[in-house]
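**Student:** Per numbering that gives the first Met the number 0, the very first residue in the sequence shown carries number 0; after that it's consecutive.
This structure is in structure tokens; I'll ask about it shortly.
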Amino acid sequence: MRSLEIKRQMDATSMDEVSDLIADAWRADGARPLNDHLWLDLREGGRTGFAGLIARDDGHSHIVGYCQISRGNESWSLDLIVHPHHRYDSMEIAPDLLREALDIVANEGGGHVH
């Protein structure tokens with residue numbers, strides 16, 4: 000069973016879990032998965048216009064996916080990470096995360112999403 004958690008402020012445990020996911024994806028892909036703007040927003044733990052969406056699957060100690068949106072001046076930045084061990088399931092994990100992230104954008108007035 001998959002669960003989805005929306006964080007407007009990241010607590011220390013969630014930051015550690017997302018950092019572990021980023022490290023795993025970085026090792027697998029050879030590139031850091033979040034752009035600099037999103038990385039800084041994550042490290043600050045969230046600010047106005049920030050949302051971190053965490054996907055979990057029962058039976059796994061690590062998170063299986065993460066999507067982050069951050070509002071800029073006139074647009075939004077969005078990035079999505081699926082854990083390397085769960086990419087076979089990415090066509091289920093990614094759409095759920097994207098749908099929820101875009102709902103947040105729409106509920107906060109919409110705008111262009113990068």
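Using N, Cα and C, we set each Cβ at its ideal position, and we do this for glycine too.
Quick check: residue 134 and residue 50, are their CB atoms within less than 8 Å of each other?
**Tutor:** Here the chain comprises residues numbered 0 to 113, so residue 134 is not present and cannot be evaluated.
**Student:** Indicate whether the contact test is met: 3 or more Cβ pairs, each with one atom in the segment 104-113 and one in the segment 53-65, closer than 8 Å.
**Tutor:** No, the segment 104-113 does not touch the segment 53-65.
**Student:** Just the Cα atoms here: how many angstroms apart are residue 41 and residue 101?
**Tutor:** Approximately 18 Å between the Cα atoms of the pair.
**Student:** Rounded to whole angstroms, what's the CA-CA distance from residue 14 to residue 21? Just pull it up for me.
**Tutor:** Approximately 10 Å between the Cα atoms of the pair.
**Student:** Going by the CB atoms, is the gap between residue 57 and residue 9 shorter than 8 Å?
**Tutor:** Not in contact: residue 9 and residue 57 (Cβ atoms no closer than 8 Å).
**Student:** Rounding to the nearest angstrom, what Cα-Cα distance links residue 59 and residue 85 in this structure?
**Tutor:** C-alpha separation (whole angstroms): 10 Å.
**Student:** With H, G and I counted as helix, E and B as strand and the rest as coil, what does DSSP make of residue 23?
**Tutor:** DSSP places residue 23 in helix when its eight states are reduced to three.
**Student:** Given a threshold of 16 other Cβ atoms within 10 Å of its Cβ, counted over all protein chains shown, does residue 70 qualify as buried or as exposed?
**Tutor:** So residue 70 ends up on the buried side.
**Student:** DSSP three-state call for residue 62: helix, strand or coil?
**Tutor:** DSSP places residue 62 in coil when its eight states are reduced to three.
**Student:** Specify the secondary structure class of residue 84 as computed by DSSP and reduced to three states.
**Tutor:** It is helical.
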